[in-house]
Amino acid sequence: NEYRDILSNGNVIWVEGKASPELEADGSILWYGYISDVTHRKLIELKLTDSQRRLRAFFDSKSDSTILLDHQAYILDFNRVAAQNAKLIFDKDMFQGQNMADYILPSTKDIFYADFAMALSGQVVEREFCLEVPGSESGWWLFRHFPILDENG
Numbered sequence: 001n002e003y004r005d006i007l008s009n010g011n012v013i014w015v016e017g018k019a020s021p022e023l024e025a026d027g028s029i030l031w032y033g034y035i036s037d038v039t040h041r042k043l044i045e046l047k048l049t050d051s052q053r054r055l056r057a058f059f060d061s062k063s064d065s066t067i068l069l070d071h072q073a074y075i076l077d078f079n080r081v082a083a084q085n086a087k088l089i090f091d092k093d094m095f096q097g098q099n100m101a102d103y104i105l106p107s108t109k110d111i112f113y114a115d116f117a118m119a120l121s122g123q124v125v126e127r128e129f130c131l132e133v134p135g136s137e138s139g140w141w142l143f144r145h146f147p148i149l150d151e152n153g
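In this text, residue positions in the sequence shown follow my numbering: the first is 1, and each later residue adds one.
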């Protein structure tokens, strides 16, 4: 178990306790265990959770479809607008781990992969398409590909 404790001086700490029972010959149970201070780890976890919550709120507040892909065009993350558009255009639910090829119209696949390759090389690519959405009028869509590089480029 993990729990928060307030010390007599008012400081808050997080502790983790683990225990396991051992049955004695007389039928009694002897418990062996320990409690350790995990405050440092817990504070880092809380900061990370808060940061992830803020990032998710920002990501989902965008009115544009936003999809984060890995270098092989597999979906790492997406916002609610992207999921709504995938359902509208392709009548498919969007999932992490799927390849973006599942959400590209056949007529635009070659262009997508050319633009994606340019983005992988470090370029920002913008392209407008007139797309026909089933059950709706055609509409113009702006596609923007840009790299997000890690510390290794």
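Just so it is clear, CB atoms sit at the ideal spot from N, CA and C, and this is done for glycine as well.
Computed from a prediction, not measured in an experiment: that's the story for all the values here.
Of G153, D93 and Y34, the smallest CA-CA separation from L120 is found for G153. The alpha carbon of A101 has as its nearest neighbour, out of I29, G33 and I67, the alpha carbon of I67. For the 9 Å CB-CB criterion, Y3 and G17 form a contact. D5 and S51 have their C-alpha atoms some 24 Å from each other. Of the candidates D93, N85 and F95, the residue whose Cα lies closest to the Cα of L131 is N85. When C-alpha distances from A82 are compared across G97, H71 and S65, the shortest belongs to S65. At least 9 Å separates the beta-carbon of V124 from that of P106.
With respect to the 9 Å criterion, E128 and L142 are classified as neighbours on the basis of their beta carbons. Y113: member of the alpha helix (DSSP H) spanning K109 to L120, first to last residue.
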